[in-house]
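Take the sequence shown: its position 48, counted from the start at 1, is 48 in full-length UniProt numbering, and no numbers get skipped.
Ideal Cβ positions, reconstructed from N, Cα and C, are used throughout, including at glycine.
All figures in this text were calculated on a predicted structure; none of them were measured in a lab.
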Amino acid sequence: MSHPCSRREFLAVAAALLTACDQQPRHAPLPDWMLTPDDAADPELWRDAQLIADLLVRHREIRREVAHRSTGVRATTTSPAADLAERLRLHAERMRQRLVRGAPIRQADPLFAALFAHHRDLHLEVTPVPGGVQVVETSADPVAVMLLRQHAVHAVSEFVSGGVARARRPTPLPPGYPS
1 MSHPCSRREF LAVAAALLTA CDQQPRHAPL PDWMLTPDDA ADPELWRDAQ
51 LIADLLVRHR EIRREVAHRS TGVRATTTSP AADLAERLRL HAERMRQRLV
101 RGAPIRQADP LFAALFAHHR DLHLEVTPVP GGVQVVETSA DPVAVMLLRQ
151 HAVHAVSEFV SGGVARARRP TPLPPGYPS
């Protein structure tokens, strides 16, 4: 079979295409459920979104246990895959940092909007454990505790169970949440 260009010409064109691809934005558009009000103001959103997307795609490799406490929850999230266990630890720490900074994510979701509105009332302790991470989420504010429990059970645990399909749906505010 004859080709219209030599091997050298083909490789030159391929190299030019790869160079052009490197100049394109490396990020696909974020899905609506992950957007914040001002994406340009949060350069770490892309980094965090990529990690979240990976966890959602690999959700079947993740196990999660949630225990309720009077002031919040203790959640242990693990995976037998060492690389995924490390990504779980990284994700938990990054989300703790976002809460400390008040840097919201997923603001189209009523629960996440409320959590970040209460971010000063929340305390997260992230501890690496074999195979993953344990997060203790607490608050002295009873309303914030309602949000923490809803987040642990009806957001994150459901994300682990349902992956991307679940993450596309918003999470309702907990029953009894003051409007």
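| Item | Value |
| --- | --- |
| Is proline 175 buried or exposed, if buried means 16 or more other CB atoms sit within 10 Å of its CB? | exposed |
| On the DSSP bridge list, what partners appear for leucine 124? | Glu137 |
| Let me know the secondary structure DSSP gives alanine 67 once reduced to three states. | strand |
| Going by the DSSP bridge assignment, what does valine 129 pair with across the sheet? | Gly132 |
| So which of Ser179, Leu88, Glu44 has the shortest CA-CA distance to proline 104? | Glu44 |
| According to DSSP, is glycine 162 part of a helix, a strand, or is it coil? | helix |
| Would you mind reading off the limits of the alpha helix (DSSP H) that contains valine 143? | 142-151 |
| So the beta strand (DSSP E) valine 73 belongs to, where does it begin and stop? | 72-78 |
| Quick check: the Cα distance between glutamate 158 and aspartate 42, rounded to an integer number of angstroms? | 26 Å |
| Measuring alpha carbon to alpha carbon, tell me which residue in Asp48, Gly162, Gln150 is nearest leucine 88. | Asp48 |
| Looking at C-beta atoms only, is the number of pairs between the segment 68-87 and the segment 143-160 that lie closer than 8 Å three or more? | yes |
| For valine 153, I'd like the list of residues in its chain whose CB is within less than 7 Å of its CB, leaving aside the five on either flank, ordered along the chain. | Val66 |
| Give the secondary structure of leucine 173 by DSSP, where H, G and I count as helix, E and B as strand, and everything else as coil. | coil |
| In three-state terms, what does DSSP make of histidine 118? | coil |
| Looking only at its chain, what residues have a beta carbon closer than 6 Å to the beta carbon of glutamine 134, apart from the 5 residues adjacent to it on each side? | Thr76, Thr127 |
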